[in-house]
Every structure is written in structure tokens, then in C-alpha cells.
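Participant: Dumping the structure here so I can ask a few things about it.
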Amino acid sequence: MNQALERLKQTIHEHNLDLLYIDDPSLIGYFTDFESDPHERLLALFVLKDRAFLFTPFLEENDARAVSSVPDILSYKDEENPWEIIQTKLISFNQSYQKIGIMENNLTVDRYNQLLSITDNPKTLDISNIIQSIQLIKSKTEFNKMVIAGKMADKALEIGINTLKVGISEQEVVAEIEFQLKRLGISEMSFQTMVLFGDHAGSPHGTPGARKLKDNELVLFDLGVVAEGYTSDVTRTFAFGEISSEAASIYDVVLKAQEKAQAAVKPGITTGELDNIARTVIEEAGYGDYFTHRLGHGLGKTVHEYPSLSKGSTMEIKEGMCFSLEPGIYIENKIGVRIEDCVYVTSDGCIPFTHTPKKLTSITKK
0 MNQALERLKQ TIHEHNLDLL YIDDPSLIGY FTDFESDPHE RLLALFVLKD
50 RAFLFTPFLE ENDARAVSSV PDILSYKDEE NPWEIIQTKL ISFNQSYQKI
100 GIMENNLTVD RYNQLLSITD NPKTLDISNI IQSIQLIKSK TEFNKMVIAG
150 KMADKALEIG INTLKVGISE QEVVAEIEFQ LKRLGISEMS FQTMVLFGDH
200 AGSPHGTPGA RKLKDNELVL FDLGVVAEGY TSDVTRTFAF GEISSEAASI
250 YDVVLKAQEK AQAAVKPGIT TGELDNIART VIEEAGYGDY FTHRLGHGLG
300 KTVHEYPSLS KGSTMEIKEG MCFSLEPGIY IENKIGVRIE DCVYVTSDGC
350 IPFTHTPKKL TSITKK
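In terms of this note's numbering, the sequence shown has 57 at position 58, counting the first letter as 1, and numbering is strictly consecutive.
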């Protein structure tokens, strides 16, 4: 039995809804155990007060039946109008649809209009926050899958480090990491792998390119893998050869901020307080203007989930939450340092998913 689906069904009664509609593939995987990328085709989960059904493209029906925790599966062929088939199914339940729960943050206008046209032009309730709250606390099964994803992220860093040599490009390092991971059975990264050299790391979300590695500069890796449907996310910054005293000092500030925030994680502290702990370290060192993003974000089925660990946020940390802690200092066209672990909150602290050492490591030049 999918426990998340059972919690979702409770939402129907708590908010007096006639129907819940979800068409986000990652959420469908979360609630039904069926993982799929339908591309432009419609894949949707319909949840009513006393039942649920999964609507899938015909070419994926057998795969869905093999794993779905929702046994009622309805499919359609490419030449058919999916909304007409859904309407017939909904009519067969002999009930009205006056109030429907939808996710406004990812429902397209076209699908929204189609949904209203086949029901009773109902009132709608945005259930995005409800879904976020259901996903917020990870089960033991989810935790175990994220541990695997974390181990593979550490392996990816190891591959990346061993690939570094003078003259290699950022893109070549990315390619080698992802090639070797595929040989180990990893078919998907959590997001676009980021490898940035020297001044190129001065942009927090820089794009790996043809920039070639030089002697005596920093190398920033930000990457994650998907394992058994769950994501990981880790950032490390390494010294390739000897780096300047300024670069080493900046690294020490970021490391102190990250470790201090991670040490403070426990149930009861707020997301904003954690952000403030890390931010204060960086501000007191004189680099406050160069820490330009929030401290962290939740993760699980996707790499960016609830909560948001941002300045002034007030959510109370609870046991079972998973999120990143990733302070950074970025001086445009000069230097960038970020250090990140994602953690699982325990009753009295937290457990990191990644374990690559965070102390500044100097990689011997090849």
C-alpha cells in the first residue's frame, strides 16, 4: 500500500473535494509507484472519495499495471481524444464534480480548461501546499533510497576528481562523470551536472563550457544522481594545485558557514534561523554581498522540493525532513566557492547523505 496515496485520499475528505487531479509525472510516481516520462502525452492521476484511477498512454499501460499501487488503470491510444475517455469514466461513477483539487503551479491552461469542460465547471482548490506537506516528511523507505543516491553522488565526485588534468575542459569532465556513472547503472542525473573552473565559478549557476583547466585554481562540482526514483545533490570545491591565500580564506569562511549550519540542524529550529546562522558567518567575514542565494532547499523525488531555507522563512524543522545546506561566496569573473551536503533530520540532529570530505583538498596536478 502506498502510504502517500492514503494521505492524499484524506485530503479529499478534509477539504470536501469531489476529485483530485494530478498530472505531474514525478508526483504520479510518488503516489502510485509508476515512474514515467510521457513527453507531451497525458499521464494523470484521478482521486475520488472512495476510489482512484490512473490514466496513461496505451503504450505504457503494461508497464503501469506491473508496478502501480493504483489497480484501476485506464489507457488511450494516440488517435483517441483522452479527455472524452476520461469524461466517460467520470460519468460512470454517477456523482457530481462541484469542487476539484488541482496543482496551480504546474497545470497548463489547456489542461485546466479541458478538465473543467468534462466535469461540472466546478470550483477549484489549489492543493500545491497540501502536496508539499505530504512530501515533506520522508519515510524510512524514502530515506534508504536517498542514501543510495547520496553514495552515488560521492562516487561521481570521485570520478570527477580523477578526471582533472591541465587542459581538460569543463564539458569533458562532465561527460566523463556521466559516462562512468552510466556504466555503474545510473541512467539519470538530478539536474545538469555543473563543473566550473576558476573564475567561471563566480556565477552561482554557471554553465559548463569549453573553459580549460589551468594550474593553481579552484574547481567547483555541483551534481546529483537519481537512484530508485530519488535524487541527491552535493557541491564540493577543490584546489587544483596551489591556490591564493585569498581563495583559501574564502574557502574557510564558506566551510565554517556550512558546518555551523549543519551542526545546528535539529527539530524545532526554523528554516530562517538556519539560513541566518550560515549568513552571519559570511557577513562577519565581510562577504555578505557575495552570498546571493538562500541556504538550501528540500529534495526527494525531485531535487527542489519544500522547504525553502531562505532569509526570514519561519517553517519549523521536523524529524524526517530532507534538505540541502549550501552556502557560497561568488565574486564575478574572479572566484566562486560553494560547499553543500543534503541532510536527513533526526530526533536530535541530522544525517548527511554525502560524505566526501569538506576540508580543503588540493588535487595533485597531472
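Backbone N, C-alpha and C fix where the C-beta goes; we use that ideal spot for every residue, glycine too.
Excluding the 5 residues preceding and the 5 following F142 in the sequence, name in chain order all residues of the same chain whose CB lies nearer than 6 Å to its CB.
Facilitator: So the qualifying residues of the chain are Y343.
Participant: For R235, count the other beta carbons within 10 Å of its own beta carbon; 16 or more makes it buried, fewer makes it exposed. Which is it?
Facilitator: R235 should be labelled buried.
Participant: What alpha helix (DSSP H) runs, 4 residues minimum, are completely inside the stretch 93 to 155?
Facilitator: Within the stretch 93 to 155, the complete alpha helix (DSSP H) runs of at least 4 residues are 108 to 117, 127 to 135.
Participant: Given 6 Å as the limit, tell me if V172 has its C-beta closer than that to any heavy atom belonging to the ligand GDP.
Facilitator: Absence of the ligand GDP from the depicted structure is noted, as is the absence of any ligand whatsoever, leaving it without description.
Participant: With H12 as the anchor, note down where its alpha helix (DSSP H) starts and where it stops.
Facilitator: Counting along the chain, the alpha helix (DSSP H) containing H12 begins and ends at 2 to 13.
Participant: Look at the alpha carbon of Q179 and the alpha carbon of I158, and state the distance between them as a whole number of angstroms.
Facilitator: One C-alpha to the other measures close to 8 Å.
Participant: Per the contact definition of three or more C-beta pairs closer than 8 Å, is the stretch 307 to 326 in contact with the stretch 258 to 273?
Facilitator: As far as the Cβ criterion goes, the stretch 258 to 273 touches the stretch 307 to 326, which means the pair count is three or higher.
Participant: In this structure, does DSSP put V264 in helix, strand or coil?
Facilitator: Note: V264 maps to coil in three-state DSSP.
Participant: Just to confirm my understanding: we take K98, look at its own chain, exclude 5 residues before and 5 after, and list those with CB closer than 6 Å. What are they?
Facilitator: Same-chain partners within the cutoff: L16, D17, P121, K122.
Participant: Put Y29 into one of helix, strand or coil per three-state DSSP.
Facilitator: If DSSP states are grouped into helix, strand and coil, Y29 belongs with the helices.
Participant: By Cβ distance, which residues of its chain are closer than 8 Å to E60, with the 5 residues on each side in sequence left out?
Facilitator: If we look at E60 and ignore the five residues flanking it on each side, its Cβ neighbours are I72, S74.
Participant: Which residues does DSSP pair with S323 in a beta bridge?
Facilitator: Answer by DSSP bridge pairing, in chain order: C341.
Participant: In whole angstroms, what separates the C-alpha of L308 from that of D288?
Facilitator: In a straight line, the C-alpha of L308 is about 18 Å away from that of D288.
Participant: From which residue to which residue does the beta strand (DSSP E) around V218 run?
Facilitator: Run containing V218: 216 to 222, per the beta strand (DSSP E) assignment.
Participant: Could you say which of F196, M188, L217 lies nearest to V225 if we only look at CA atoms?
Facilitator: Cα-wise, what sits closest to V225 is M188.
Participant: How would you call P356, buried or exposed, if buried means at least 16 neighbouring beta carbons within 10 angstroms?
Facilitator: Looking at its Cβ environment, which holds fewer than 16 other Cβ atoms inside 10 Å, P356 is exposed.
Participant: Does the structure place the stretch 203 to 213 close enough to the stretch 124 to 136 that three or more beta carbon pairs sit under 8 Å?
Facilitator: The stretch 124 to 136 vs the stretch 203 to 213: no contact.
Participant: Is it a yes or a no for the stretch 104 to 124 touching the stretch 81 to 90, going by three-plus beta-carbon pairs under 8 Å?
Facilitator: The answer is yes - the stretch 81 to 90 touches the stretch 104 to 124, with three or more Cβ pairs under 8 Å.
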